[in-house]
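Read top to bottom, the protein sequences are chains A and B. Taking this note's numbering, the leading residue of the first sequence gets 1, the next gets one more, and so forth. Taking this note's numbering, the leading residue of the second sequence gets 1, the next gets one more, and so forth. The structure under discussion appears below in the form of structure tokens.
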Amino acid sequence: MARHWRAGAAGLAVLGLTLTACGGAKVGDSSEAGGSGSSGKCGTFNLAVNPWVGYEADAAVVAYVAEHDLKCKVTKKDLKEEIAWQGFGTGEVDTVLENWGHDDLKKKYITQQKTAVEAGSTGNKGIIGWYVPPWLAKAHPDITDWKNLNKYAAEFKTSESGGKGQLLDGDPSYVTNDEALVKNLKLDFKVVYAGSETALIQAYRNAEKNKQWVIGYFYEPQWFLSEVPLVKVDLPAYKSGCDADAAKVACDYPVYDLDKIVSAKFAKSGSPAYDLVKKFNWTNDDQNTVAKYIAVDKMTPDAAAKKWVEANRDKVDAWIK
Amino acid sequence: MTVVMEKPGQPGQTKQAEPPPPVAPVRRISRSMVVGAILVVWLVLFAVLRGKQTLSLAAADLTDLHRWLNDVNDSIGADRNSNPLFLYGFNEIRLVIDNLVTFVQDLISQPSGDRPLPQIGWLGVVGLAGYVSWAVANWRVALLAVAGFTFLGLQGLWQESMDTLSLTLSAVLVALLFALPLGVWAGLSERANRIVTPFLDFMQTMPTFVYLAPLTLFFLIGGASATIATVIYAAPPAIRISAHAIRSVPATTVEAAASMGATRRQSLLKVLLPMSKRTVVMGINQTIMAALAMVTIAALIDAPGLGKTVVQALQSLDVGTAFNAGLAIVVMAIVLDRVTTAASGRAEAARRSGNPLLKWRRHLLVAGGVVAAVLVYLSHTYLWAAEFPGDGGTGSNIAKAADNVTTWAQDNLSGLTNGFRDAITNGLLNPFQTLLTDSPWWLVGAALIGIAVVLGGWRAGVTTAVCVGLLVATGVWSDGMTTLASTLVATVLVMLLGVVVGVWMGRSALVDRMVRPTLDAAQVMPPFVYLVPFLALFGATRFTAIVAAIVYAAPVAIKIIADGVRTVPATTVEAATSTGCNTWQIITKVQLPMARSALTLATNQGLIYVLSMVVVGGLVGAGALGYDVVAGFSQGQLYGKGLAAGLAIVLLGVMFDRITQAAARRTSN
Numbered sequence: 001m002a003r004h005w006r007a008g009a010a011g012l013a014v015l016g017l018t019l020t021a022c023g024g025a026k027v028g029d030s031s032e033a034g035g036s037g038s039s040g041k042c043g044t045f046n047l048a049v050n051p052w053v054g055y056e057a058d059a060a061v062v063a064y065v066a067e068h069d070l071k072c073k074v075t076k077k078d079l080k081e082e083i084a085w086q087g088f089g090t091g092e093v094d095t096v097l098e099n100w101g102h103d104d105l106k107k108k109y110i111t112q113q114k115t116a117v118e119a120g121s122t123g124n125k126g127i128i129g130w131y132v133p134p135w136l137a138k139a140h141p142d143i144t145d146w147k148n149l150n151k152y153a154a155e156f157k158t159s160e161s162g163g164k165g166q167l168l169d170g171d172p173s174y175v176t177n178d179e180a181l182v183k184n185l186k187l188d189f190k191v192v193y194a195g196s197e198t199a200l201i202q203a204y205r206n207a208e209k210n211k212q213w214v215i216g217y218f219y220e221p222q223w224f225l226s227e228v229p230l231v232k233v234d235l236p237a238y239k240s241g242c243d244a245d246a247a248k249v250a251c252d253y254p255v256y257d258l259d260k261i262v263s264a265k266f267a268k269s270g271s272p273a274y275d276l277v278k279k280f281n282w283t284n285d286d287q288n289t290v291a292k293y294i295a296v297d298k299m300t301p302d303a304a305a306k307k308w309v310e311a312n313r314d315k316v317d318a319w320i321k
Numbered sequence: 001m002t003v004v005m006e007k008p009g010q011p012g013q014t015k016q017a018e019p020p021p022p023v024a025p026v027r028r029i030s031r032s033m034v035v036g037a038i039l040v041v042w043l044v045l046f047a048v049l050r051g052k053q054t055l056s057l058a059a060a061d062l063t064d065l066h067r068w069l070n071d072v073n074d075s076i077g078a079d080r081n082s083n084p085l086f087l088y089g090f091n092e093i094r095l096v097i098d099n100l101v102t103f104v105q106d107l108i109s110q111p112s113g114d115r116p117l118p119q120i121g122w123l124g125v126v127g128l129a130g131y132v133s134w135a136v137a138n139w140r141v142a143l144l145a146v147a148g149f150t151f152l153g154l155q156g157l158w159q160e161s162m163d164t165l166s167l168t169l170s171a172v173l174v175a176l177l178f179a180l181p182l183g184v185w186a187g188l189s190e191r192a193n194r195i196v197t198p199f200l201d202f203m204q205t206m207p208t209f210v211y212l213a214p215l216t217l218f219f220l221i222g223g224a225s226a227t228i229a230t231v232i233y234a235a236p237p238a239i240r241i242s243a244h245a246i247r248s249v250p251a252t253t254v255e256a257a258a259s260m261g262a263t264r265r266q267s268l269l270k271v272l273l274p275m276s277k278r279t280v281v282m283g284i285n286q287t288i289m290a291a292l293a294m295v296t297i298a299a300l301i302d303a304p305g306l307g308k309t310v311v312q313a314l315q316s317l318d319v320g321t322a323f324n325a326g327l328a329i330v331v332m333a334i335v336l337d338r339v340t341t342a343a344s345g346r347a348e349a350a351r352r353s354g355n356p357l358l359k360w361r362r363h364l365l366v367a368g369g370v371v372a373a374v375l376v377y378l379s380h381t382y383l384w385a386a387e388f389p390g391d392g393g394t395g396s397n398i399a400k401a402a403d404n405v406t407t408w409a410q411d412n413l414s415g416l417t418n419g420f421r422d423a424i425t426n427g428l429l430n431p432f433q434t435l436l437t438d439s440p441w442w443l444v445g446a447a448l449i450g451i452a453v454v455l456g457g458w459r460a461g462v463t464t465a466v467c468v469g470l471l472v473a474t475g476v477w478s479d480g481m482t483t484l485a486s487t488l489v490a491t492v493l494v495m496l497l498g499v500v501v502g503v504w505m506g507r508s509a510l511v512d513r514m515v516r517p518t519l520d521a522a523q524v525m526p527p528f529v530y531l532v533p534f535l536a537l538f539g540a541t542r543f544t545a546i547v548a549a550i551v552y553a554a555p556v557a558i559k560i561i562a563d564g565v566r567t568v569p570a571t572t573v574e575a576a577t578s579t580g581c582n583t584w585q586i587i588t589k590v591q592l593p594m595a596r597s598a599l600t601l602a603t604n605q606g607l608i609y610v611l612s613m614v615v616v617g618g619l620v621g622a623g624a625l626g627y628d629v630v631a632g633f634s635q636g637q638l639y640g641k642g643l644a645a646g647l648a649i650v651l652l653g654v655m656f657d658r659i660t661q662a663a664a665r666r667t668s669n
């Protein structure tokens, strides 16, 4: 019996709610201007988002401009590089916005399968190298020259490095010659794989806070550098071709001209989004600003993009002209 | 000295060839002595042969097998538009599953058609969840479901949660479509069971990272691939448990039905299925839990939902946001778990509660259905019932609190934790790993096979021999041994924790009730959430990976041991008390020895669970197989190596499982 009453009471309550709700706003009442009608010209724009915050910043700004200025329907897809490039052939990805070298992928998808084409530089300069926390560079200024690294090797020992100094590497998708470098520069170090960017950043963060000895792989542009300005260690200078044989590399990484890759189909589609991608070009500082909004100030990518776009209208206008 | 110590080893091994001596206690003593002898021989040979034939392979090096796997992968990718297998096979499967996922998403999570919101808004979903829970279970879990779902909205994660829910529901639906018939078949036929079991082992131990990339190759990026990845991981429990359910229907009942002239079909539909319903529902429960465990991993191939929030927060080391989303996954898991568990016992509970309510039940169901329908209609029509009101303030408070706790722990505990880490690493892990990786491969192999034979018998020995051979063939032997060392150390710690907490819980119902929710949460919370705090506490080291594995594996071991201790007959304990045993003596002399089979089962499950965390360990500095698998997922030219590393993890799992199970059978006899 009790249950019956309960159900009845609930039913009445709902009925009451229904009556009071009659005046409420209905779903789809205020059909927005940016709805389906105006997206006809641009259509859907499939943007791959690779998993690092710098890329997220690129994607946020391009997506924001495509959505608001070009009225595209932007679909962001969170994917690792390898899988994003796979998507060019199947029509599921139109654009990869920040490509770091990846000559293997270019060979496979641009030269062999012909499903992708290059769309020019982003304007960002990608710098890869070995970095130490700022306190260390300050306490031992000569540490930024690779020739002095063996002198300090014992300080970098950890439980993981088997009696040698530890050189910490990060995510397996990074472009790295570090094992060959250690060997060919005759350094008393062992490469230890942290396995993820998160682990790498946390290691540097701890090192700076607790004055620990850490040396490892890192790269610019990167939001974390605005929190802890890591100092780059000079390796033997890069000369064109010095990294031709992966086993014999004994020089620094080249400065990467980060570029954009689009699917062959998208390049021919005549979509205004393609013109935007092709013209999209900004500096490391621009990217770091937006990346900082996202990672440090914890803004949503969309809000971060809005803030930057409104402050840099002239740059954006040049992309969509 | 060496000669003297070496001698007992060899006769010991050959002694196994003879029929075992008839007296059981003597055999047990000799068994542990033989294991000891094997270890001594191993240590001696290690001292002589250290560093030879270790089969080590640098991070970027590949074997011919790895290259061949790469080529296979490439050729599949290259002709996917012309291959009939794709055009008429995978593409069709993809289409069906994609439609299913999109349909469910349109219903509850994503804007559908011209609508800016899904067909059913939050009020409708909460109403439906409450109604369905009440209909299949009872009003208590219905209240829990309503409260839980409302909490998801308050966390500011309504849409993400609904995306996760739709993916989970689709995956469980597809999984059950295959799993239930397969399970029934495996339950009816012993041969089918024997065929299916190795596949299930494979599906559960193969790290998901290994097949994520190929799945997107076959089924493209998005919902379909994510669902299929989840199905592969989540279906086995339902198959196993429904087979078990069918098999455990008493033979006499089936015979009675047969003697009354029932056909096979009739006895299946009228006797076997109804009688095993309760257990089958438990299988479905396990499948749902497994599906939820995949949420974060599937996010790596663009599966929408809470997993995405966790993964993105991890990129900027935002512990609070990751924890908030992880908590939502835990809440959803708890709701679904309690509802399905209650559902499996509902019929019985209802029968016990007496008739008057049963008479009303049909009317009540209709009334409740009408209420739910009204709520669905409201949430379809009106904004206030469609979009969750409020700004998710609870969520940001939870995030802030989690951040504060983490920061406090990092600031105050890291001295302590580093000492602990170094003690375990230098005292236990490093020597052990050196022994495994620096011994010649054939020596380690022979020792493993010897131990397997002594502990588990000849069958276990043969399985181990095959696994060792295949491990060598994968080309990642050395990495495999590194992983083996960490895995064994982690398992030892899991068992220590398991015995301490398990006995405590087993002896006191109050402790059990207080600790159990924490254990549930530890099992369901995505490991990605606690990686950042652990990294801060222990650095990017193998030990961090071990701690993460313990968090995931210890709850299982604890629960099994607690159950084992609780099933020790009270009369036995009373008898021991009356003879003047103190608490310590009761535990060590009575309860633990009598729970021995629970201890071996806990070891078995602990090991398997630890192994399933190897890949996560690769993300925080454990290197070895875990890193290889992640690298294979990230870089095309390492794809084959990652696959081989995944296989190596499966082989380690099979090897351990067979040895510990055979050993468990022997000790319980």
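The beta-carbon is built from N, C-alpha and C at its ideal position, and this holds for glycine as well.
Partner residues on chain A for residue i, Cβ-Cβ distance less than 9 Å
i               : result
L619 of chain B : D171, A194, G195, S196, T198 and A199
Y88 of chain B  : By Cβ distance, chain A contributes nothing, its closest Cβ being about 17 Å from Y88 of chain B, past 9 Å.
CA-to-CA distance, residue j to residue i, given in whole angstroms
i               : j               : result
Y227 of chain A : L497 of chain B : Per the sequence presented here, residue 227 of chain A reads as Glu, with Tyr not at that position. Approximately 39 Å, taken between the alpha carbons.
R459 of chain B : L651 of chain B : 16 Å
N604 of chain B : I560 of chain B : 11 Å
R362 of chain B : V339 of chain B : 20 Å
A137 of chain A : S196 of chain A : 24 Å
G101 of chain A : I110 of chain A : 13 Å
A554 of chain B : A521 of chain B : 12 Å
T579 of chain B : Q591 of chain B : 15 Å
I329 of chain B : I93 of chain B  : 28 Å
Rounded Cβ spacing between residue i and residue j (contact assumed at less than 8 Å)
i               : j               : result
Q287 of chain A : A66 of chain A  : Actually they are not in contact, since the Cβ atoms of Q287 of chain A and A66 of chain A sit about 17 Å apart, beyond 8 Å.
L258 of chain A : S173 of chain A : Between S173 of chain A and L258 of chain A the Cβ distance is about 15 Å, and since that is not below 8 Å, they are no contact.
L165 of chain B : M294 of chain B : Between M294 of chain B and L165 of chain B the Cβ distance is about 13 Å, and since that is not below 8 Å, they are no contact.
L188 of chain B : G305 of chain B : No, L188 of chain B and G305 of chain B are not in contact; Cβ-Cβ is about 37 Å, not under 8 Å.
Chain B contact for residue i (CB, 9 Å cutoff)
i               : result
W146 of chain A : no
G101 of chain A : no
V290 of chain A : no
D142 of chain A : no
G123 of chain A : no
N184 of chain A : no
Partner residues on chain A for residue i, Cβ-Cβ distance less than 7 Å
i               : result
D318 of chain B : K298
Counted within 10 angstroms of its Cβ, other Cβ atoms place residue i as buried (16 or more) or exposed
i               : result
L235 of chain A : buried
S634 of chain B : buried
S267 of chain B : buried
D169 of chain A : buried
G87 of chain A  : buried
A139 of chain A : exposed
Under 8 Å by beta carbon: chain B residues contacting residue i
i              : result
W52 of chain A : Q315
K26 of chain A : T381, Y382 and L383
Short CB-CB distance (under 9 Å) between residue i and chain A
i               : result
W122 of chain B : no
S414 of chain B : yes
S439 of chain B : no
T164 of chain B : no
Listed by chain order, chain B residues near residue i by CB distance under 7 Å
i               : result
L168 of chain A : A540
Proximal chain A residues relative to residue i, where beta-carbon distance stays under 8 Å
i               : result
L220 of chain B : G87, T90 and E92
Chain B residues whose Cβ lies nearer than 9 Å to that of residue i
i               : result
A295 of chain A : Q315, S316, L317 and D318
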